[in-house]
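Number of protein chains: 2
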Amino acid sequence: MFDKVVIVGVGLIGGSFALGLKAAGAVKTVVGLERSGEALARALQLGIVDQAYTTPEQALRGADLVMIAAPVAQTPAILAGLLPWLEPHTIVTDAGSTKSDVVANARAVLQERIAQFVPGHPIAGRESNGPDAAIPDLYRGKKAVLTPLPENPQAAVDKVAAAWRQCGAIIHVLSPGEHDKVFAAVSHLPHLLAYALVDDIANKAHADLLFQYAASGFRDFTRIAGSSPEMWRDISLANRDALLGELDAYLAQLQGLRACLADADGPGLEAVYGNAQRARRAWIDAIEAAEKPPAQESGTE
Amino acid sequence: MFDKVVIVGVGLIGGSFALGLKAAGAVKTVVGLERSGEALARALQLGIVDQAYTTPEQALRGADLVMIAAPVAQTPAILAGLLPWLEPHTIVTDAGSTKSDVVANARAVLQERIAQFVPGHPIAGRESNGPDAAIPDLYRGKKAVLTPLPENPQAAVDKVAAAWRQCGAIIHVLSPGEHDKVFAAVSHLPHLLAYALVDDIANKAHADLLFQYAASGFRDFTRIAGSSPEMWRDISLANRDALLGELDAYLAQLQGLRACLADADGPGLEAVYGNAQRARRAWIDAIEAAEKPPAQESGTE
Numbered sequence: 001m002f003d004k005v006v007i008v009g010v011g012l013i014g015g016s017f018a019l020g021l022k023a024a025g026a027v028k029t030v031v032g033l034e035r036s037g038e039a040l041a042r043a044l045q046l047g048i049v050d051q052a053y054t055t056p057e058q059a060l061r062g063a064d065l066v067m068i069a070a071p072v073a074q075t076p077a078i079l080a081g082l083l084p085w086l087e088p089h090t091i092v093t094d095a096g097s098t099k100s101d102v103v104a105n106a107r108a109v110l111q112e113r114i115a116q117f118v119p120g121h122p123i124a125g126r127e128s129n130g131p132d133a134a135i136p137d138l139y140r141g142k143k144a145v146l147t148p149l150p151e152n153p154q155a156a157v158d159k160v161a162a163a164w165r166q167c168g169a170i171i172h173v174l175s176p177g178e179h180d181k182v183f184a185a186v187s188h189l190p191h192l193l194a195y196a197l198v199d200d201i202a203n204k205a206h207a208d209l210l211f212q213y214a215a216s217g218f219r220d221f222t223r224i225a226g227s228s229p230e231m232w233r234d235i236s237l238a239n240r241d242a243l244l245g246e247l248d249a250y251l252a253q254l255q256g257l258r259a260c261l262a263d264a265d266g267p268g269l270e271a272v273y274g275n276a277q278r279a280r281r282a283w284i285d286a287i288e289a290a291e292k293p294p295a296q297e298s299g300t301e
Numbered sequence: 001m002f003d004k005v006v007i008v009g010v011g012l013i014g015g016s017f018a019l020g021l022k023a024a025g026a027v028k029t030v031v032g033l034e035r036s037g038e039a040l041a042r043a044l045q046l047g048i049v050d051q052a053y054t055t056p057e058q059a060l061r062g063a064d065l066v067m068i069a070a071p072v073a074q075t076p077a078i079l080a081g082l083l084p085w086l087e088p089h090t091i092v093t094d095a096g097s098t099k100s101d102v103v104a105n106a107r108a109v110l111q112e113r114i115a116q117f118v119p120g121h122p123i124a125g126r127e128s129n130g131p132d133a134a135i136p137d138l139y140r141g142k143k144a145v146l147t148p149l150p151e152n153p154q155a156a157v158d159k160v161a162a163a164w165r166q167c168g169a170i171i172h173v174l175s176p177g178e179h180d181k182v183f184a185a186v187s188h189l190p191h192l193l194a195y196a197l198v199d200d201i202a203n204k205a206h207a208d209l210l211f212q213y214a215a216s217g218f219r220d221f222t223r224i225a226g227s228s229p230e231m232w233r234d235i236s237l238a239n240r241d242a243l244l245g246e247l248d249a250y251l252a253q254l255q256g257l258r259a260c261l262a263d264a265d266g267p268g269l270e271a272v273y274g275n276a277q278r279a280r281r282a283w284i285d286a287i288e289a290a291e292k293p294p295a296q297e298s299g300t301e
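If you read the sequences in order, they're chains A and B.
Positions 1 to 301 (UniProt numbering) are the ones given, in order, by the first sequence.
Positions 1 to 301 (UniProt numbering) are the ones given, in order, by the second sequence.
And the structure:
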């Protein structure tokens with residue numbers, strides 16, 4: 001049970017974390033902290049937060065847990081703003097989509113207080129953003145990846161894990177570097193590819209005709225291109241090395257398929273398409289097997 | 001009202017066409033025609049077809065309309081098999097995902113009977129295949145693109161359009177070449193890209209770890225990689241020239257994004273991501289506006 005949880009960034013991610021804790025009866029007071037008053041007012045109105053502040057001093061007083069749910073590029077400035085008011089018992093965590101850069105920035109800002117920072121990343125999202133998109137069940141059955149630091153006391157890690165479990169999430173643990181390599185491949189690259197395709201089509205002279213015939217396959221393929229451009233610019237830059245590696249591997253793959261096409265090499269195309277279909281089916285089967293029984297939580301912690 | 005409709009290929013596409021006509025009370029008898037007895041038996045069992053044949057002679061006797069719903073590479077062999085038994089009043093159409101190659105093959109096979117062939121392509125699908133996946137509403141509110149030939153009498157085009165309208169589809173008309181360019185961009189290229197990504201990941205040494213963290217964004221992005229590899233090999237080859245053009249444009253786009261990443265060019269990335277997000281939003285808004293009022297059908301025929 002938390003007495004006071006502070007949410008820095010009361011949008012979809014931070015708001016849903018607050019609502020999840022509230023729905024579980026796991027928190028007495030949720031405090032919202034933002035520089036902008038508009039989202040704060042909406043979060044108060046929606047019952048996501050009980051108190052709202054635009055400056056940290058009062059917000060942090062007596063806080064058990066601080067969740068930073070803001071674009072990763074803002075993390076160092078946010079941490080620097082919190083630091084003067086950070087009480088020794090308060091644990092800070094985040095929900096940033098990249099971890100190596102967040103950890104490096106946190107070390108630089110927090111210095112010897114780094115032990116109080118337990119980095120994390122919930123694997124959940126929706127197409128819409130802002131406090132109005134927040135829902136209590138966003139994390140139910142989803143993974144929350146923690147990338148604890150050697151300096152973190154186990155009790156601090158446990159506290160963050162407990163909060164995520166109250167939201168219904170399943171705890172996974174990776175190192176920051178492992179995390180970033182994995183998500184470069186399965187999340188950051190697909191986002192870049194989807195944005196690239198929509199921009200490519202939108203810039204063609206006959207874009208209107210093309211979009212007229214785009215159907216459900218295109219809609220699903222490009223759903224992630226509906227995400228915030230600023231957020232994904234920051235993620236792309238924050239995880240640049242790993243993303244470049246994945247992009248280069250993918251470009252080599254496309255060049256191979258281009259050669260198959262140019263040579264009318266049907267078996268070559270079918271080998272790639274068939275392997276992909278089988279791998280995806282095995283993956284979907286594994287997801288579906290893991291989803292039943294639905295209430296079971298089997299973390300890999 | 002059709003007395004007798006013949007479905008060549010009683011899978012998802014042909015089966016749903018049959019069920020749509022039946023649900024509308026628009027056909028007296030639906031006949032299934034396949035070389036393989038297994039799908040035919042299932043289609044009979046499911047009530048998709050009323051009669052089933054593995055050879056064309058009896059199947060075609062007195063048919064008003066023949067729908068070829070088979071992989072595009074099989075179209076010439078199917079047409080050659082039908083030709084000896086094709087009665088002068090029978091109209092043949094197809095549901096192939098490419099049109100220029102189908103038309104060229106149809107001309108070569110049917111010769112002076114080409115006037116009886118009205119090429120088409122319904123823009124609808126599901127992740128699953130086969131007769132069990134067929135549903136009467138698959139085409140409701142979806143586009144059916146016809147690419148009529150100069151030789152087609154208007155009555156023949158009208159007959160095919162009427163059948164699709166009975167299934168709830170909205171008729172669009174393009175030339176075969178226009179059709180292939182459009183679908184290379186909005187369908188064939190995304191399929192190739194999705195297959196390429198899943199195969200790329202599946203071939204990595206740590207594929208299991210990667211798939212473990214792939215989430216809903218990856219699932220949607222790669223949904224079309226669950227499609228039949230044989231079918232998409234055939235489509236890729238049948239529409240090779242247009243697909244190569246689109247792939248090359250996309251590769252150039254990715255090289256541009258790679259340069260932005262390598263240079264840590266945030267504004268460059270954001271320009272592409274932001275343009276893509278805006279274009280996708282405008283497209284989704286247009287789709288949603290077109291979908292209400294839901295019952296209205298405003299074809300561009």
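Even for Gly, the Cβ is constructed at its ideal location relative to N, Cα and C.
Subject >> Segment contact flag, the region 59 to 77 of chain A with the region 90 to 100 of chain A, C-beta cutoff 8 angstroms, min 3 pairs >> reply: yes
Original post:
So, is the C-beta of Pro294(A) closer than 7 angstroms to a C-beta in chain B?
Top reply: Against the first sequence, residue 294(A) aligns to sequence position 294. Low confidence applies here, because Pro294(A) scores a pLDDT of 48, under 50, leaving its location unreliable; read the following figure in that light. Closer than 7 angstroms: no.
Subject >> Pro122(B): first and last residue of the uninterrupted beta strand (DSSP E) it sits in >> reply: Within the second sequence, numbered from 1, the residue matching residue 122(B) stands at position 122. Where Pro122(B) is concerned, the enclosing beta strand (DSSP E) stretches over Gly120 to Pro122.
**OP:** Under 8 angstroms between beta-carbons, which chain B residues line up against Phe17(A)? List them in chain order, please.
**Re:** To locate residue 17(A), count along the first sequence from 1; it is residue 17. Chain B residues near Phe17(A): none, gap ~17 angstroms exceeds 8 angstroms.
**OP:** Report yes if the C-beta distance between Trp283(B) and Phe2(A) is below 7 angstroms; otherwise report no.
**Re:** Here the question's residue 283(B) lines up with position 283 in the second sequence. Here the question's residue 2(A) lines up with position 2 in the first sequence. In this structure, Phe2(A) does not lie closer than 7 angstroms to Trp283(B) by Cβ.
**OP:** Per DSSP, which residues does Met1(A) bridge with? Please list them.
**Re:** Translated into positions along the first sequence, residue 1(A) becomes position 1. Answer by DSSP bridge pairing: none, since Met1(A) is not bridged.
Original post:
Among residues of its own chain, excluding the 5 on either side of residue 314(B), which ones have a beta-carbon nearer than 8 angstroms to its beta-carbon?
Top reply: Absent from the structure is residue 314(B), since the part of chain B shown begins at 1 and ends at 301.
Original post:
Along chain B, which residues have their Cβ under 8 angstroms away from the Cβ of Val186(A)?
Top reply: Here residue 186(A) refers to the residue found at position 186 of the first sequence. Result: Ile201, Leu210, Phe211, Tyr213, Ala214, Ala215 and Phe218.
Original post:
Under a three-way DSSP split, which group does Leu110(A) fall into?
Top reply: As a first step, residue 110(A) is located in the first sequence; it is residue number 110 there, counting from the start. The answer is helix: DSSP assigns Leu110(A) an H, G or I state.
Original post:
Which chain A residues sit within Cβ distance under 9 angstroms of Ile171(B)?
Top reply: For the purposes of this step, residue 171(B) is taken as the residue at position 171 of the second sequence. The contacting residues do not exist; Ile171(B) stays about 13 angstroms from chain A at best.
Original post:
With burial defined as no fewer than 16 other Cβ atoms inside 10 Å of the residue's Cβ, what is the status of Lys28(A): buried or exposed?
Top reply: As a working mapping, residue 28(A) is identified with position 28 in the first sequence. Exposed, by the Cβ-count rule.
Original post:
Looking at the unbroken alpha helix (DSSP H) that takes in Val182(B), where does it start and where does it end?
Top reply: Within the second sequence, numbered from 1, the residue matching residue 182(B) stands at position 182. Segment Pro176 to Phe183, the alpha helix (DSSP H) holding Val182(B).
Subject >> Residue from Leu254(B), Gly96(B), Glu270(B) and Ile78(B) with nearest C-alpha to Asn239(B) >> reply: The sequence position of residue 239(B) within the second sequence is 239, counting from 1. Asn239(B) has its Cα closest to that of Gly96(B), out of Leu254(B), Gly96(B), Glu270(B) and Ile78(B).
Subject >> Beta-carbon spacing of Leu12(B), Asn152(B) below 7 angstroms >> reply: In the second sequence, the residue the question calls residue 12(B) occupies position 12. In the second sequence, the residue the question calls residue 152(B) occupies position 152. Contact flag unset, no.
Original post:
Which residues in the same chain have their Cβ closer than 8 angstroms to the Cβ of Tyr250(B), if we skip the five residues on either side of it in sequence?
Top reply: Counting from 1 along the second sequence, the entry for residue 250(B) is found at position 250. Contacts found: Leu189 and Leu193.
Original post:
Residues in its own chain within less than 6 angstroms of Tyr53(A) by CB, not counting five upstream and five downstream?
Top reply: As a first step, residue 53(A) must be located in the first sequence, where it is residue number 53. The residues are Leu33 and Ala59.
Subject >> Assigned exposure category for Glu301(B) - 16 Cβ within 10 Å defines buried >> reply: Translated into positions along the second sequence, residue 301(B) becomes position 301. Residue placement at Glu301(B) is flagged as unreliable, the pLDDT there being 34, under the threshold of 50; a coordinate-derived value is accordingly withheld.
Original post:
Hey, out of Ser16(B), Leu261(B) and Glu288(B), whose CA is closest to Asp132(B)'s CA?
Top reply: The residue given as residue 132(B) occupies position 132 in the second sequence. Taking each of Ser16(B), Leu261(B) and Glu288(B) in turn and checking the Cα distance to Asp132(B), the smallest one comes out for Ser16(B).
**OP:** State yes or no: is the C-beta of Ile13(A) nearer than 6 angstroms to some heavy atom of the ligand GTP?
**Re:** Absent from the structure shown: the ligand GTP. Ligands present: none.
Original post:
Under a Cβ-count criterion, where at least 16 other Cβ atoms within 10 Å of its own Cβ denotes burial, should Asp241(B) be classed as buried or exposed?
Top reply: Taking the first residue of the second sequence as 1, we reach residue 241(B) at position 241. By the neighbour-count rule (16 or more Cβ atoms within 10 Å), Asp241(B) is not buried but exposed.
Original post:
Between Asp50(A) and Leu146(A), what straight-line distance do the alpha-carbon atoms span, to the nearest angstrom?
Top reply: Against the first sequence, residue 50(A) aligns to sequence position 50. Against the first sequence, residue 146(A) aligns to sequence position 146. Going from the Cα of Asp50(A) to the Cα of Leu146(A) covers about 27 angstroms.
Original post:
How long is the line joining the alpha carbons of His172(A) and Arg140(B), rounded to whole angstroms?
Top reply: Residue mapping note: residue 172(A) aligns to position 172 of the first sequence, counting from 1. Residue mapping note: residue 140(B) aligns to position 140 of the second sequence, counting from 1. Each residue's CA atom was taken as its position, placing His172(A) and Arg140(B) some 43 angstroms apart.
Original post:
By Cβ distance, which residues of its chain are closer than 6 angstroms to Lys143(B), with the 5 residues on each side in sequence left out?
Top reply: Residue 143(B) sits at position 143 when you count from the first residue of the second sequence. Counting only Cβ-Cβ distances below 6 angstroms, and skipping sequence neighbours, we find Ile123, Ile170 and His172.
Original post:
By how many angstroms is the C-alpha of Arg233(A) removed from the C-alpha of Ala271(B)?
Top reply: The residue given as residue 271(B) occupies position 271 in the second sequence. The residue given as residue 233(A) occupies position 233 in the first sequence. The straight-line gap from Cα to Cα measures roughly 9 angstroms.
Subject >> Gln154(B), buried or exposed, once every other Cβ within 10 Å from all chains shown has been counted against 16 >> reply: Here residue 154(B) refers to the residue found at position 154 of the second sequence. Per the 10 Å Cβ criterion, exposed.
**OP:** Quick one: list the residues of chain E neighbouring Gln253(A), beta-carbon separation under 9 angstroms, in chain order.
**Re:** The structure shown has no chain E; the protein chains it does contain are A and B.
**OP:** Could you spell out where the alpha helix (DSSP H) holding residue 327(A) opens and where it closes?
**Re:** Because chain A here runs from 1 to 301, residue 327(A) falls outside it and cannot be looked at.
Subject >> Boundaries (first-last residue) of the beta strand (DSSP E) holding Val145(B) >> reply: Start at 1 with the first residue of the second sequence, and residue 145(B) comes out as number 145. For Val145(B), the uninterrupted beta strand (DSSP E) run begins and ends at Lys143 to Leu146, by DSSP.
Original post:
Is DSSP giving His172(B) helix, strand or coil here?
Top reply: As a working note, residue 172(B) is residue 172 in the second sequence. His172(B) sits in a strand when the DSSP states are folded into three classes.
Original post:
I think Pro136(B) touches Leu19(B), with their Cβ atoms under 8 angstroms apart; what is that distance to the nearest whole Å?
Top reply: Position 136 of the second sequence, counted from the first residue, corresponds to residue 136(B). Position 19 of the second sequence, counted from the first residue, corresponds to residue 19(B). The beta carbons of Pro136(B) and Leu19(B) sit about 4 angstroms from each other, so the pair counts as a contact at 8 angstroms.
Original post:
Which residue or residues does DSSP assign as beta-bridge partners of Leu33(A)?
Top reply: Here the question's residue 33(A) lines up with position 33 in the first sequence. Leu33(A) is bridged to Val8(A) and Tyr53(A).
**OP:** Kindly indicate which three-state DSSP category Thr98(B) falls into: helix, strand or coil?
**Re:** Mapped onto the second sequence, residue 98(B) falls at position 98. It is coil, neither helix nor strand.
**OP:** Work out the CA separation of Tyr213(A) and Pro88(B) for me, nearest whole Å.
**Re:** If you number the second sequence from 1, residue 88(B) lands on position 88. If you number the first sequence from 1, residue 213(A) lands on position 213. Cα to Cα, the separation comes out at about 34 angstroms.
**OP:** Report the option in Ser216(B), His121(B), Val8(B) and Ala279(B) whose CA atom is closest to the CA atom of Pro176(B).
**Re:** Here residue 176(B) refers to the residue found at position 176 when the second sequence is read from its first residue. Ranking Ser216(B), His121(B), Val8(B) and Ala279(B) by Cα distance to Pro176(B) puts His121(B) first.
**OP:** Closer than 9 angstroms by beta-carbon distance: list the chain B residues that pair up with Lys143(A), in chain order.
**Re:** Within the first sequence, numbered from 1, the residue matching residue 143(A) stands at position 143. Those within 9 angstroms of Lys143(A) in chain B are Gln212, Tyr213 and Ala215.
Subject >> Proximal chain B residues relative to Ile114(A), where beta-carbon distance stays under 9 angstroms >> reply: Position 114 of the first sequence holds residue 114(A). Within 9 angstroms Cβ-Cβ: nothing; Ile114(A) doesn't reach chain B, min ~25 angstroms.
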